[in-house]
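Student: One structure follows; several queries about it will come next.
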Ligand SMILES: [Zn+2]
């Protein structure tokens, strides 16, 4: 009977690293009060993970607005849905607003720490 070779240690793919990192991320989503309206032209939106109105920062590496506290990006499902980033016009207004506000995102992303 032929014995199986012990398999060589395998390097994690980027997908596995991201999946493993996500297990540690608190993904509870908080919705804003009924009266909340995002102020896209000034870069002010509701961050569903920080549960507060947040001035987003510009991430120049990934070319996307991002929450300076929790790193959630504008393309995140809940960020986009809650803040009505569902049209090209809304996205462009938001990007311009964030860039004009001038806050830049410099931290490593959660899976790079
Ligand atoms: Zn946040």
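Numbering (my numbering), first residue to last: 9 to 121. Every residue, glycine too, gets a C-beta built ideally from N, C-alpha and C. Please read all numbers here as calculations on a predicted model, not as lab measurements.
1) Residue 42: which of 49, 109, 54 and 50 sits nearest, CA to CA?
2) Taking C-beta to C-beta, are residue 64 and residue 106 nearer than 8 Å?
3) Looking only at its chain, what residues have a beta carbon closer than 6 Å to the beta carbon of residue 57, apart from the 5 residues adjacent to it on each side?
4) At 4 residues or longer, what runs of the alpha helix (DSSP H) sit wholly inside the segment 34–98?
5) Are residue 76 and residue 52 closer than 8 Å when you measure CB to CB?
6) When the Cα atoms are used, what is the spatial distance from residue 37 to residue 59?
Tutor: To lay it out plainly:
1) Here residue 42 refers to the residue found at position 34 when the chain shown is read from its first residue. The shortest Cα separation from residue 42 among 49, 109, 54 and 50 belongs to 54.
2) Position 56 of the chain shown, counted from the first residue, corresponds to residue 64. Position 98 of the chain shown, counted from the first residue, corresponds to residue 106. Yes; because the gap between Cβ atoms is below 8 Å, this pair is in contact.
3) Walking along the chain shown from the start, residue 57 turns up at place 49. Excluding sequence neighbours, residue 57 sits near 78 and 80.
4) Unbroken alpha helix (DSSP H) stretches of 4 residues or longer found wholly inside the segment 34–98: 85–90, given in chain order.
5) By one-based count along the chain shown, residue 76 stands at place 68. By one-based count along the chain shown, residue 52 stands at place 44. Note that the C-beta distance between residue 76 and residue 52 is not below 8 Å.
6) One-based indexing of the chain shown puts residue 37 at position 29. One-based indexing of the chain shown puts residue 59 at position 51. Taking the CA atoms as reference points, residue 37 sits about 8 Å from residue 59.
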